[in-house]
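Note that UniProt numbering has the sequence shown beginning at 1, numbered continuously upward. A virtual CB, placed ideally from N, CA and C, is assigned to each residue, including glycine. Note that the coordinates shown come from a computational prediction; the quantities given were computed from them, not determined experimentally. In what follows, a single structure is set out as structure tokens and then discussed.
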Amino acid sequence: MGNDAQVEITTNSNDRVSERTNELYVTNRTITILDYKGLLWSYSLRKICLTALWLPLGALIFCYVTASTFQADDIHETHCRVYNVVPSISAITGISPQKYIWRICIAYHLGPRLLIGSLYYNYHKERTSYITEEKMRNLATKLGEACYWLNLIELFALTGVTYISNRENYFLHEKIFIIFMIATLLHMLCRARVGCIGSDSVEPVRTNKIVWILFFVAIAATLGLIFFFLRHRLLCRPLAFTWFSVCEYILATANMAFHAVVVRDLPVHELQVIYPTHHKTK
1 MGNDAQVEIT TNSNDRVSER TNELYVTNRT ITILDYKGLL WSYSLRKICL TALWLPLGAL
61 IFCYVTASTF QADDIHETHC RVYNVVPSIS AITGISPQKY IWRICIAYHL GPRLLIGSLY
121 YNYHKERTSY ITEEKMRNLA TKLGEACYWL NLIELFALTG VTYISNRENY FLHEKIFIIF
181 MIATLLHMLC RARVGCIGSD SVEPVRTNKI VWILFFVAIA ATLGLIFFFL RHRLLCRPLA
241 FTWFSVCEYI LATANMAFHA VVVRDLPVHE LQVIYPTHHK TK
């Protein structure tokens, strides 16, 4: 019995010593506070822009192939009920389930497009600051601002024609599409014009020639689109709507290429999240 009591007392003493040791360890322990300083995230601007391009392009190809394969009767039906071969973009993206794929891709496409618009605004602003002639500098500043706002109008119009299909509200869809075309052409024109202003004091924008080519392609496609739409709508000519659709696809492709040229103007730039060296303190 005596030995058992001695063992119990020894065990209790050891437990108390262990508890005190743990308490001292907790009291003296240093807690590391993370400041999250430095570079936290980095991603290539080129990859972001190419992703923004491939989202609508890939969705458009998917909608065209699947709609032509499985729903040909629905997408080839026209106002005049004449022979048609190529469906319009509104037709292939206005039916189910293609419209959901198209809307999802456009939704994810809008974020990078807003980023690209802001980048180009600062890009043109920086370039304009090197123009020595005041008159040309003021003109370039106004054109750079016009590019920014036209890009926003174009994006809002693209959102409108995407989420308001011609089957749901043809009148509103048509008017928003007209706004989209006008904003697209004016945006291309302002972008091409601002890129060559002050070329005697600062180098022209790298992609300026490409933008001019895309602008004239878009103008030709728009004129063809209007011509064939009137032939279809007023005269009900066979295949008129097919040629209208072809012009529409050319216009859409030129627009996508126009927004993708940023990868040549800013080829090695990156989007980064970093801890600022100077920040406001409360």
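Exposure of Gln272 is indicated by the presence of fewer than 16 other C-beta atoms within 10 angstroms of its C-beta. With respect to Tyr249, Gly38 sits apart: the two C-beta atoms are not nearer than 7 Å.
Beta-bridge partners of Gln272 (DSSP): Ser42. The straight-line gap separating the alpha-carbon atoms of Ala140 and Ala146 is approximately 10 Å.
Shown here, Asp35 sits in coil according to DSSP, grouped into three states, outside any helix or strand.
Within a 10 Å sphere around the beta-carbon of Thr132 sit fewer than 16 other beta-carbons, which makes this residue exposed.
Inter-segment contact for the stretch 206 to 224 and the stretch 255 to 263 is present: three or more beta-carbon pairs are separated by less than 8 Å.
Under the Cβ criterion (8 Å, minimum of three pairs), the stretch 145 to 163 counts as touching the stretch 178 to 191.
Residue range Tyr170 to Val194 is occupied by the alpha helix (DSSP H) that includes Arg191.
Excluding five sequence positions before and after Cys49, the CB atoms of its chain that fall closer than 7 Å to its own CB belong to Pro112, Ile116, Ala260, Val262 and Val263, given in chain order. Bounds of the alpha helix (DSSP H) holding Cys247 are Ala240 to Ala260.
In the DSSP annotation of this structure, the continuous segment of the alpha helix (DSSP H) that includes Val211 starts and ends at Asn208 to Leu230. Shortest Cα-Cα distance from Ala72 to any of Val85, Arg46, Gly58 and Ile178 involves Val85. In summary, Ala254 is buried, with 16 or more beta-carbon neighbours lying within 10 Å of its beta-carbon over all protein chains present. The stretch 165 to 182 makes contact with the stretch 94 to 107, as at least three CB pairs between them are under 8 Å. Cys147 sits in a helix when the DSSP states are folded into three classes.
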